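A.B. asks: Would you mind keeping the following structure in view while I ask a few things?
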Amino acid sequence: MTAVESYSQFTRPVLPRLSLTGVANNYETDFYPDGRIWVPPSVSGAREFLMPVFITNNWYSYRNAQGAALYTVDPIRSFSFSVFYNEKAIRFIGVETVNSVFNDPGYEPLAQQFYIDAEDKLDDYYWYYINPNKWADTRDNLDGRRVTFNGTSMGLALPNTDLDVEEFKVLFYVRFRVMAERQEGQGGAGFNLIQTTPIYIDNRSVKYNDLDVAKQNSWLGFTDYDINNYQNLYSRPIIGNGRGRLDGDLFYPDTYLDGMNNAPTAEDDNLITLPGPLSDDGMYKAEPVYPGVITLKISDDIPSVRVASVTDDAFPIIQYEQDQSGNELPTMYELPTIVLVDDNSPEQFGLARMKISNSTSKSRLQNIWFETDAAWLEMHVDDLNENRTLTFPRNQRRYGFAQYLDNSILGEELDPVMKPTNDDGDVYIRLQCDPTKLPPRGDGEPHGVHIGYVTIKSDYARVSPIRVKVLFLFMKNPYEPDWNKAPGNPGGINIIVRNSAGAGGEERRLVFGTGTRATDGIDLLYGEAAYNVPLSTANFDARWFPLRADLLAQYPFGFGDVAPNAAAARTVSRDIRAYNMPKGQNSHIYEARFFNPANAYPISVEWNINDFPQGAQLFIRQVVNGVPLQATDMRFATQIDQFRRSITIADRNVTSFRIEYTLPTTMDFVDENGDPIIKRGWNLLSLPLAPTNTVHNVVYKNAINVPWAFVNSQYQERPNLRVGEGFFLKYSSQVDVSFAGSIIDSITKDRHNVRIWAGDFPDPQFNQFFGGWNLIGALSNITSIDGIRFYPTSDNQLPSLAYTKQYGVYGYRTDLGYFEVSNMVPGLGYWIKASSDGFYGLNPTYQLDKQAMSNNTKLDMIERSTKITMFDNAQHRKDIYVSNDQTANTGIFELPPVFSEDMFDVRFNNNGYFTNDNESVIRVQGVTYPVSFNIEKADADYLFVDPVTNQVYGTIKAGTNGNVTIDELPFGAVKMMKRAVAGEEFAFTAFPVPANDFTNVNFTITDNDFVSVKLFDALGNEIADFINEYRTKGDYTETISLKNINTGSYILRLTSGTKTSVVKINVIR
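Under our numbering, think of the first position of the sequence shown as 266, with each following residue one higher.
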């Protein structure tokens, strides 16, 4: 049984073997694709390269199936061996235990934890191991140098390689400097001496720990030495003195070294040569190799990078540098064509391809790195790629590596053991320009021309680095159609010109439209190009032409189309104009000219009205001899189907048509800081402009629900929107900021018919009216609420304007909730309260300095009240007010109804934001906890308690600035209780309210005086006298019996000297 049993598993330790080629009896093609080291000569400065030393290490203690230790060895903690080389070709520089070149963790050295000492010196034993006859020629052996490596572990032992299969791994790297020089301008004659020479491991001594495997039996390295067993298992042949070699007492080198052997099987005239497997000695005489040997080849010339197209057309060179002889060497190439893509390209990427090759014959370019300087410029392996070493790490498409690029070696030269080699070919890279990774330009958009560079570097190249300039044009889509930017759609407004030839006719597709940064001339930004051939006069043809004389002279053959690229244009002609027209210009006029054979009339011109922006006006006119005929509204031309329209041209004298395109008005729905007015969450909106298409998700593309209007005291969905009507609409983080349509300059019954409704019950404040809340819309300009007007119904019901203004006009903001306004902003919706049914109207009026609230009575009441401000953790805030005026009409502070539980809202239990009750429940919703109630300069003590459990959340003391923070309100409500401070303020309160059999009265008198507490009915009649006596200054609480009092509303009046205070009280049975 051998050391490797069935299933290729090692069953006992195997002597380590060193190799310079990395594969048993062969070579590692990742390093040496033809089994040799190829390096270029030095030209200016030092050229260096790394040579790996490989090892297979299965020196490992084993156990049998029962766990008993067998074949016990000490792990390798030191090693020592030497490498011979020719000093005329290269010179030893140092040792590296870190992989600094190859892009593969498998090439990381095993000796990373070893200290390696190296001694380099002349040694005339060079050549003897390979060819003793050549060694005898002092012209060769005197150039030899031997570098000895002594490695000592700094901690861990040398790791084993794969224990299941034979595997070579890098032990460490040796760095050499190329001494052979080439003088520029001298060709091959410029070399200083050697070009082909061996590098090899000295077979005379290879030590692991204290065991020299070249001279000593391997069983001496076992700690459980069994001479009877191990001598049989580990016996090795020696070279033998009978061959007449100086190293005859050594073991055969293939037992501790590995690699190729190209020696002949026998040489009758030279028995000292170690026999090999070949019958032909030609390669051995030219490039002898044994285990532990590799051939160094120094090429005639230095590799050069060449950049070309996949069809091998060289890229233009746009930058050079001069060498020492004055020769110009290319340092920068340019992609010969600009890379194009637009927003509607199905592939979503701009693509280009390039071929990278080595242009120097009989040379190998190695360690080639590729890198781009821009996130949008990515590299991929092209389908045509031939080079197997080209790799781009996953998710690192800006960086790539190829181990080598060969020229006239692979595929033409045999390897050292006379086997043919295969040409790996050149590198083909697909450049992918990703518009999603483009940085914004100065105008904030990514569209336009971007410049990127691909850098190619190699320390083997004549010139390094070399750069390839890439121009990438990310074309903009036209503004039209703003609702449908599907992949492959050419954008803009599409026109099909079709003649009557054959069964189905011939057709030509044209596109026109507008866009930012577009001009009346050629705009490559939008895929426009100039034709260089005239309009055909033999075959059906059509294209756009400029109307301006100066542009027609510049582009006499009209406009072409190169979107998304010239090879696959979507239409035959494209004309995109400025979206933001100069002041005073309202329309663009486009002219299409065509040629049609006489027998192919009539011609149809077709389009889809869905391409038209909302609010745009388009008219088409046939032109005869330069004179436009009657205009046709393109929205109402001959109908083909639901959306397609057309005109027919039957007159052979008509050879062109014109389209007059009036752009819609657009509105950026942002505030003075440029931030969107629409916010995340519920928004109260109205149409800012009158759109052509009123379907809600056409106007509000990013909204997440159907709008809700308030009609006749109930909410209704509004899938089709109406001018003058308000509605609630919800958004996530993506909001709408731009709208298009015609100006809303007024709202009238005749044009808009916006119905408003009274309520279902009498108004408690004005019981002659059945007041009802209504949602209304604004105009396209800021308008004062004084512009509100009402129209009567058919039965002559007419809402009272005074009644509506008494309650006020309310808007809604996600951070403030409902708030009263005096001016109405375009695009926002508003609440009004109507006294009866009618129709809503709005005229354009505006007062810049008008108060936010137009009702002076309300303003006066608020100014004399205490403000409570509620804040929450989502930056919501709301002001509510508490008044000491017990006669105040709090009903006019009523707030509109809320739409949804997640809307932010704060109000008292009287449904308003103003109260004169000393105890009142505050209802909150749509808040993010904790919430805080703040008061500045409190006029009394304010307690905030749970309305169910009476848990006290906190108190704000009179005369202080304070706040009460509450982590959670289980029922969305908190009771506010106002208490006067004893001896400082005359105060009077009663609780509970409403009352049943009794009530408690709290009062504070500020002076010693006669005090009375009496009960009066609503007409002012005295009903009961509860207290009537002299009291000293202080606080009092009394319980008053109401058992004999009927159900109704009453007033308790406290009198102390000249001071009086009243409290409303309801008695319920």
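By construction, the Cβ of each residue, glycine as well, lies at the ideal position given by its N, Cα and C atoms.
Everything numeric in this text was worked out from a predicted model, so none of it was measured.
Could one say the Cβ of P704 lies closer than 7 Å to chain B's Cβ atoms, at least one of them?
C.D. replies: No chain B is part of this structure, which consists of one protein chain only.
A.B. asks: Answer with buried or exposed for N1293, where buried requires no fewer than 16 other C-beta atoms within 10 angstroms of its C-beta.
C.D. replies: Working through the sequence shown from its first residue, we reach residue 1293 at position 1028. Per the 10 Å Cβ criterion, exposed.
A.B. asks: Let me know if P1064 comes out buried or exposed under the rule of 16 or more other beta-carbons within 10 Å of its beta-carbon.
C.D. replies: As a position in the sequence shown, residue 1064 is number 799, starting the count at 1. When all chains shown are included, P1064 counts as buried.
A.B. asks: As an exercise, report each continuous beta strand (DSSP E) stretch of at least 3 residues that is fully enclosed by the region 551-627, in chain order.
C.D. replies: Segments of the beta strand (DSSP E) lying fully in the region 551-627: 558-563, 570-573, 582-587, 593-599, 604-607, 615-623.
A.B. asks: Decide if the region 732-739 is in contact with the region 698-717; the criterion is three or more beta carbon pairs, one per stretch, under 8 Å apart.
C.D. replies: Touching, per the Cβ criterion.
A.B. asks: Rounded to the nearest angstrom, what separates V1002 and V1192 at their Cα positions?
C.D. replies: Here the question's residue 1002 lines up with position 737 in the sequence shown. Here the question's residue 1192 lines up with position 927 in the sequence shown. About 26 Å.
A.B. asks: Are the beta-carbon atoms of N1181 and A1153 separated by less than 7 Å?
C.D. replies: Against the sequence shown, residue 1181 aligns to sequence position 916. Against the sequence shown, residue 1153 aligns to sequence position 888. Contact: yes.
A.B. asks: Would you mind reading off the limits of the beta strand (DSSP E) that contains L283?
C.D. replies: The count along the sequence shown starts at 1 and reaches residue 283 at position 18. Looking at the DSSP string, the run of the beta strand (DSSP E) that includes L283 is 279-284.
A.B. asks: So A1023 packs on F1035, CB below 8 Å; how close in whole Å?
C.D. replies: Locating residue 1023 in the sequence shown gives position 758, counting from the first residue. Locating residue 1035 in the sequence shown gives position 770, counting from the first residue. That pair is a contact at about 4 Å.
A.B. asks: Specify, as a first and last residue, the run of the beta strand (DSSP E) that N873 falls within.
C.D. replies: Numbered from its first residue, the sequence shown carries residue 873 at position 608. Start and end: 868-873.
A.B. asks: Below 8 Å, how does it come out for the region 600-611 and the region 823-834: are there three or more Cβ pairs, yes or no?
C.D. replies: Contact holds: three or more Cβ-Cβ distances are below 8 Å.
A.B. asks: Taking C-beta to C-beta, are S628 and R571 nearer than 7 Å?
C.D. replies: On the sequence shown, position 363 is the one that residue 628 refers to. On the sequence shown, position 306 is the one that residue 571 refers to. No. Outside cutoff.
A.B. asks: Does the beta-carbon of F1263 have 16 or more other beta-carbons within 10 angstroms, so that it is buried, or is it exposed?
C.D. replies: Within the sequence shown, residue 1263 is the residue found at index 998, counting from 1. It counts as exposed.
A.B. asks: Look up T1122 in the DSSP assignment and say whether it is helix, strand or coil.
C.D. replies: By one-based count along the sequence shown, residue 1122 stands at place 857. T1122 falls in the helix class under three-state DSSP.
A.B. asks: Between the region 903-919 and the region 944-951, are three or more C-beta pairs nearer than 8 Å?
C.D. replies: Result no; under three Cβ-Cβ pairs closer than 8 Å.
A.B. asks: What's the gap between the Cα of N977 and the Cα of F1164?
C.D. replies: Along the sequence shown, one-based indexing puts residue 977 at 712. Along the sequence shown, one-based indexing puts residue 1164 at 899. Their backbone Cα atoms lie some 14 Å apart in a straight line.
A.B. asks: Identify which residue in A974, T1155, N864 has its Cα closest to the Cα of A803.
C.D. replies: Indexing the sequence shown from 1 puts residue 803 at position 538. Per the Cα distances, N864.
A.B. asks: Tell me whether G1076 is buried or exposed, calling it buried when 16 or more other Cβ atoms sit within 10 Å of its Cβ.
C.D. replies: Within the sequence shown, numbered from 1, the residue matching residue 1076 stands at position 811. It is buried - the Cβ of G1076 has at least 16 other Cβ atoms within 10 Å.
A.B. asks: Is the beta carbon of S343 less than 7 Å from the beta carbon of N494?
C.D. replies: Start at 1 with the first residue of the sequence shown, and residue 343 comes out as number 78. Start at 1 with the first residue of the sequence shown, and residue 494 comes out as number 229. Contact flag unset, no.
A.B. asks: Going by the CB atoms, is the gap between G1092 and F993 shorter than 7 Å?
C.D. replies: Here residue 993 refers to the residue found at position 728 when the sequence shown is read from its first residue. Here residue 1092 refers to the residue found at position 827 when the sequence shown is read from its first residue. It is not a contact, given that the beta carbons lie outside the stated cut-off.
A.B. asks: Determine the contact status of E745 and G778, defining contact as a CB-CB distance below 7 Å.
C.D. replies: Residue mapping note: residue 745 aligns to position 480 of the sequence shown, counting from 1. Residue mapping note: residue 778 aligns to position 513 of the sequence shown, counting from 1. Cβ distance < 7 Å, so E745 and G778 count as in contact.
A.B. asks: Look up D876 in the DSSP assignment and say whether it is helix, strand or coil.
C.D. replies: For this step, residue 876 is matched to residue 611 along the sequence shown. If DSSP states are grouped into helix, strand and coil, D876 belongs with the helices.
A.B. asks: Since S1087 and S1049 should fall inside the 8 Å C-beta cutoff, what is the C-beta to C-beta distance between them, to a whole number of angstroms?
C.D. replies: As a working mapping, residue 1087 is identified with position 822 in the sequence shown. As a working mapping, residue 1049 is identified with position 784 in the sequence shown. The Cβ separation is near 7 Å, so the contact holds.
A.B. asks: Looking at the structure shown, is S483 part of a helix, part of a strand, or coil, going by DSSP?
C.D. replies: Position 218 of the sequence shown, counted from the first residue, corresponds to residue 483. Helix at S483.
A.B. asks: Exposed or buried, what is K434 when buried is set at 16 or more other beta-carbons lying within 10 Å of its beta-carbon?
C.D. replies: Sequence index remark: in the sequence shown, residue 434 carries index 169 (1-based). So K434 counts as buried.
A.B. asks: What number of angstroms, rounded off, separates the C-alpha of T276 from the C-alpha of S326?
C.D. replies: Against the sequence shown, residue 276 aligns to sequence position 11. Against the sequence shown, residue 326 aligns to sequence position 61. Rounded to whole angstroms, T276 to S326 spans 9 Å at the Cα level.
A.B. asks: For W1038, write down the residues that DSSP places opposite it in a beta bridge.
C.D. replies: On the sequence shown, position 773 is the one that residue 1038 refers to. BP columns for W1038 point to K1098.
A.B. asks: Taking the straight line between their C-alpha atoms, what separation do you get for R1129 and D1204?
C.D. replies: Position 864 of the sequence shown, counting from 1, holds the residue named residue 1129. Position 939 of the sequence shown, counting from 1, holds the residue named residue 1204. If you take the alpha carbons of R1129 and D1204, they lie about 11 Å apart.
A.B. asks: Our contact map puts K1202 next to N1226 with C-beta atoms below 8 Å; I'd like the distance itself, whole angstroms only.
C.D. replies: Counting from one through the sequence shown, the residue named residue 1202 turns up at place 937. Counting from one through the sequence shown, the residue named residue 1226 turns up at place 961. Sure, about 6 Å apart at Cβ, within 8 Å.
A.B. asks: Taking only the alpha-carbon atoms, compute the straight-line gap between G1248 and P972 and give it to the nearest angstrom.
C.D. replies: Translated into positions along the sequence shown, residue 1248 becomes position 983. Translated into positions along the sequence shown, residue 972 becomes position 707. At G1248 the pLDDT is 49, less than 50, meaning the model places this residue with poor confidence; the figure from the coordinates comes in the next sentence. Their Cα atoms are separated by approximately 56 Å.
A.B. asks: Look up Q697 in the DSSP assignment and say whether it is helix, strand or coil.
C.D. replies: One-based indexing of the sequence shown puts residue 697 at position 432. Strand, per DSSP.
A.B. asks: In whole angstroms, give me the CA-to-CA distance for G770 and S673.
C.D. replies: Residue 770 sits at position 505 when you count from the first residue of the sequence shown. Residue 673 sits at position 408 when you count from the first residue of the sequence shown. Each residue's alpha carbon lies about 57 Å from the other.
A.B. asks: Under the three-state reduction of DSSP, which class applies to E373: helix, strand or coil?
C.D. replies: Within the sequence shown, the letter at position 108 stands for residue 373. Coil, per DSSP.
A.B. asks: Just grab the DSSP bridge partners of W973 for me.
C.D. replies: Along the sequence shown, one-based indexing puts residue 973 at 708. Beta-bridge pairing links W973 to E982, F993.
A.B. asks: Is the region 1288-1302 touching the region 1267-1279, taking contact as three or more C-beta pairs under 8 Å?
C.D. replies: The region 1288-1302 vs the region 1267-1279: in contact.
A.B. asks: Out of curiosity, what's the CA-to-CA distance linking G455 and Q589?
C.D. replies: Reading the sequence shown from its first residue, position 190 is the one you call residue 455. Reading the sequence shown from its first residue, position 324 is the one you call residue 589. Since pLDDT at G455 reaches only 43, below the 50 mark, its modelled position is unreliable, and no value is offered.
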